[in-house]
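> Counting in this note's numbering, the sequence shown runs from -4 upward without gaps.
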Amino acid sequence: MTAAPPVSPPVPLSRNRDYRLLWGGQALSEFGFHTALIAFPLLVLALTGSGAASGLVMGTIAAAQMVTGLPAGVLVDRYDRKTVMLGCEAAQAVSAISLVAAVWAGAATVWHMVVVAAVFGASAALFEPAESASLPALVADEHLPTAVAMNTARASMGQLAGTATGGFLFAVGRFVPFLVDAVTHTLSFVALLFVRLPRRERSAGGAGPLGREALAGLWWVWRERRIRVTVVCAVVLNLFFSAFYLVVIVLAESRGVPSGEVGVMAAMLGAGGVAGALLAPVLHRRLGPYGGIIAVFWALAVLAPVTVLMDSGYLIGVLFALMALFPPTANTAIMTDQLLRTPDELRGRLTSTLVLACGAAGAAGPALGGSLAQVLPGDRAILLCSAGMAAAAVLATVSPTLRTLTRRHEAGRPTD
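1. What number of angstroms, rounded off, separates the C-alpha of glycine 200 from the C-alpha of leucine 70?
2. Does the structure place the region 258 to 272 close enough to the region 381 to 389 that three or more beta carbon pairs sit under 8 Å?
3. To the nearest angstrom, report how far apart alanine 391 and threonine 331 are at their CA atoms.
4. Span of the alpha helix (DSSP H) holding glutamate 25?
5. Could you tell me which of Pro253, Phe26, Gly157, Gly373 sits nearest to serine 307, measuring between CA atoms?
6. Nearest-angstrom Cα distance between glutamate 248 and leucine 51?
7. So what does DSSP say about glycine 343, is it helix, strand or coil?
8. Assign proline 5 to buried or exposed, taking buried as 16 or more other Cβ atoms, counted over all protein chains shown, within 10 Å of its Cβ.
9. Could you tell me whether the Cβ atoms of alanine 156 and phenylalanine 28 are closer together than 9 Å?
10. From leucine 400 to threonine 327, what distance separates their C-alpha atoms?
11. Is glutamate 137 buried or exposed, if buried means 16 or more other CB atoms sit within 10 Å of its CB?
12. Given this structure, state the Cα-to-Cα distance separating proline 172 from leucine 182, to the nearest angstrom.
13. Identify whether tyrosine 285 lies in helix, strand or coil by the three-state DSSP scheme.
14. Helix, strand or coil for aspartate 75 per DSSP?
15. Taking valine 291 as the reference, which of Met318, Leu210, Ile33, Leu23 has the closest Cα?
16. Of the choices Met152, Ala159, Arg191, whose alpha-carbon is the least far from that of serine 129?
17. Start and end of the alpha helix (DSSP H) containing glycine 161?
18. Evaluate the contact criterion for the region 90 to 106 versus the region 150 to 167: three or more CB pairs, one atom per stretch, below 8 Å.
19. Consider the Cβ of phenylalanine 235: report whether some Cβ of chain B lies at a distance smaller than 9 Å.
20. Within the region 261 to 305, note down every full alpha helix (DSSP H) run reaching 4 residues or more, in order along the chain.
21. Count the other C-beta atoms from every protein chain shown that fall within 10 angstroms of the C-beta of tyrosine 309, then say buried if there are 16 or more, exposed otherwise.
22. Tell me which same chain residues have a C-beta within less than 6 Å of the C-beta of proline 361, skipping the five on either side of it?
23. According to DSSP, simplified to helix, strand and coil, what is tryptophan 104?
24. Quick one: what does DSSP say proline 338 is sitting in, helix, strand or coil?
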């Protein structure tokens, strides 16, 4: 009887060629996307002077992401995911080039920008679930938490760098940010061509109606208790934090905080997110999934009410940076557990459902915060939002479902 050959250890991310190609291409792509994103309202205002038109273009990106959300998950589960990602990069590159040509020729219109914005939003809604669903096929299970954390860091760094650079590039030339966007998406497309993503098995039953498959994905997410509970927790926290963030901005302005300090506050939140994403692999190992999730709830619940005592934008910015340290660790824990628990044929719909739910909470939060700031003094509105986060922290801490999160995914299909 011959001995079984030794199992070779999984390739670390630093030497995982396919993951590095995907990560590097998307780092460029996200930088270009945010460079163009900040330039959109500047271009609309320069051409029309209309704040309403600027809002229309920016709102189109968010609306396209929301409308495409659930169908995107079905398409990602139905078709080859690498092909979907390539199509998204090509569509964004072509649409950006069309806008560059129009601006260069002096023929850019608001409606042209609305169409380009819709392509950007729909492509983002398709690409994210396709990439997330592909990660388990590209990296070993034990490296998945680090891969998720590195993707979060990449997104934060792309947002910070792109936003900071976009305004400068617009000053160089109105078409320049969109040219940079076209170039970065083209480079990302080329990098994706060389990513070796294993082909998936087609389901024997064939594709059903789009709506029915979307509902099947929603039902599966709702039926899985651990996934359902973590989604509800993320939605509640996003809702109250988004409301809190807007109230803090309103309160800071009412107290006479200079606009420059308000800008620093926002930048510190992003900087904290980058630092938290880089620390996420270490914190995930030290705290474990349950500890990482609970940490973000209590960090927000404890630090948020402290802003009532501060009238310095710089000090509030420090608090924002501290608040932003833990969400990437919680995201790493949640996404790793959920990707490994979900069958491959449903992973696209899982991600699209999470993005849609958290996006809806992120959109409703500012509306809630604006309403609270309108009817309550700023400090009371902050305390009310803080109370909501504290209540969510208590519920998450005592949740028996969240306590079942383990450091590694159990073999086979887990039970509730």
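In this text, a Cβ means the ideal position worked out from N, Cα and C, and glycines have one as well.
Short version:
1. Only weak support exists for where glycine 200 lies, its pLDDT of 45 falling under 50; the coordinates are left without a value.
2. By the criterion of at least three beta-carbon pairs nearer than 8 Å, the region 381 to 389 is not in contact with the region 258 to 272.
3. One C-alpha to the other measures close to 18 Å.
4. Run containing glutamate 25: 12 to 43, per the alpha helix (DSSP H) assignment.
5. Among Pro253, Phe26, Gly157, Gly373, the Cα nearest to that of serine 307 is on Pro253.
6. Using only the alpha carbons, I get a separation of about 25 Å.
7. In this structure, glycine 343 counts as helix in the three-state DSSP scheme.
8. That one is exposed.
9. No. Outside cutoff.
10. Leucine 400 and threonine 327: Cα-Cα distance of roughly 12 Å.
11. Result: exposed.
12. Going by the C-alpha atoms only, they are around 15 Å apart.
13. It is helical.
14. If DSSP states are grouped into helix, strand and coil, aspartate 75 belongs with coil.
15. It is Met318.
16. Checking every option, the nearest Cα to that of serine 129 belongs to Arg191.
17. Segment 139 to 167, the alpha helix (DSSP H) holding glycine 161.
18. Fewer than three pairs of CB atoms, one per stretch, sit closer than 8 Å, so the region 90 to 106 makes no contact with the region 150 to 167.
19. Looking for chain B here will not work: only one protein chain is present.
20. Taking only runs of at least 4 residues, no alpha helix (DSSP H) segment lies wholly in the region 261 to 305.
21. A residue is called buried once 16 or more other Cβ atoms fall within 10 Å of its Cβ, and tyrosine 309, having fewer, is exposed.
22. Listed in chain order, the non-local C-beta contacts of proline 361 below 6 Å within the same chain comprise Ser237, Leu241, local neighbours out to five positions each way being set aside.
23. The question names tryptophan, yet the displayed sequence has threonine at residue 104. Here threonine 104 sits in coil by DSSP.
24. Note: proline 338 maps to coil in three-state DSSP.
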